[in-house]
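Adding 11 to a residue's 1-based position in the sequence shown gives its number in the working numbering.
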Amino acid sequence: MKEDEIKRLIEKYKEGNTTLNEEQFLFNHTKDSVLSLEAWSNFIKNNKKETPTNFNATLWESFQNKKIGKRKRFVRIISAAASVILLISFYIASPKQKGLSYSKKEDLLNQALNMVSNSEPSETQQNIIYENEMVIIYTTSE
């Protein structure tokens, strides 16, 4: 190839406008031309790395794992929120017992005592039949 064509490819390469085929040709056939380009081409040949054969599968699998991880996090958040809502609904819907104040309880007790004390005790005669330290047996006559 002509020296002018190689120089044109070098300029095109420096501008970043070369195709992959032109770059490959440039690095493989420029041993006699510019020393800096030769050093650069040797560096590229020695450090050239190829993509692994299963790169696409590995990449796709990592995307799927991220998607599954997001889904798991979403499910956890939703289940926690549902639990909180359930507890709140139990608290709101629970029947509340009416608590009476101390004064109302006292009034009710006094009313009950008045009802009992207003009833007249029966004036029946009680006779003791048997008396012991623990037991007393009465009889009444009606």
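All C-beta atoms, glycine included, are put in the ideal place defined by N, C-alpha and C.
Coil, strand or helix - residue i by DSSP
i, result
"residue 152", "strand"
"residue 59", "coil"
"residue 121", "helix"
"residue 32", "helix"
Identified DSSP bridge partners for residue i
i, result
"residue 138", "150"
Limits of the unbroken alpha helix (DSSP H) element including residue i
i, result
"residue 67", "66–104"
"residue 144", "Neither: residue 144 is in no alpha helix (DSSP H) and is coded neither H nor E."
"residue 111", "From DSSP, residue 111 is part of no alpha helix (DSSP H); its letter is neither H nor E."
heavy atom of the ligand GDP below 8 Å from residue i C-beta
i, result
"residue 81", "Ligands are entirely absent from the displayed structure, and the ligand GDP is therefore not among its contents."
Option nearest residue i by Cα separation, candidates the options
i, options, result
"residue 55", "38, 68, 62, 146", "38"
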